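This note's numbering puts the first residue of the sequence shown at 450, with every later residue one more than the last.
The beta-carbon is built from N, C-alpha and C at its ideal position, and this holds for glycine as well.
No experiment lies behind these values; they were computed from the predicted model shown.
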Amino acid sequence: MKQAAVILLLVTGLISACQWGGSAQPQNPSEKPEDLLPEKTFVKLLYEMNLLEGARTGNTLLGDSIPLNAYYETLYADFGVTAEQVQRNFTYYHSDAEKMATYYQWIIDSLRVDVQALSAPIQSEERDESDE
């Protein structure tokens, strides 16, 4: 009798475990915030944040004495968001690893394009005018 009770308990536990979270679709553990930014806006904001982080040296930007937080405040104001809203959106979007991998790949590719454009020789209009 005791053995039957243990088996029944194990079977019940296994069935419960299979039903709990057993959907084939990955579930988003983060609730969608009411102030969710559109994906394109979020990715553009993330791109700009990566630019800031890339220029960062400690608590300031390279060659500047203005605290990094001031740059973030300006960036958030430009996008019309608050730091809290960014955090909620960051948490929500980062709960989907595949999408975030795609977003970060786009950001990396965009940064590479920017580096190539900035590394190109500068062609001044003065030089073009002097050739005429």
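In chain order, what residues of the same chain lie with their CB nearer than 7 Å to the CB of residue i, ignoring the 5 residues before and after it?
i	result
A473	Note on A473: pLDDT 43, under 50, position unreliable in the model; the coordinate value appears next. Here the set comprises nothing.
T531	Y525
G503	none
L458	Confidence at L458 is low in this model, with a pLDDT of 44, below 50, so its placement is unreliable and no value can be given for it.
Less than 8 Å separating the beta-carbons of residue i and residue j?
i	j	result
P482	Y541	yes
Y520	S559	no
Q536	D484	no
L494	R505	no
N538	L501	no
Express the C-alpha separation of residue j and residue i in angstroms, rounding to a whole number.
i	j	result
A566	K548	27 Å
A569	R561	12 Å
G529	E488	15 Å
A546	I571	39 Å
Y552	V492	6 Å
G512	A550	32 Å
G470	D563	Residue confidence for G470 is low, a pLDDT of 44 falling below 50, so the modelled location carries little weight; the figure read from the coordinates is stated next. The alpha-carbon atoms of G470 and D563 are separated by roughly 43 Å.
G507	T490	27 Å
Q554	T523	25 Å
Under 6 Å Cβ to Cβ from residue i, same chain only, skipping five residues before and after it: list those, please.
i	result
N499	I556
D527	none
P475	With a pLDDT of only 45 at P475, under the threshold of 50, the placement of this residue in the model should not be trusted, and no figure is reported.
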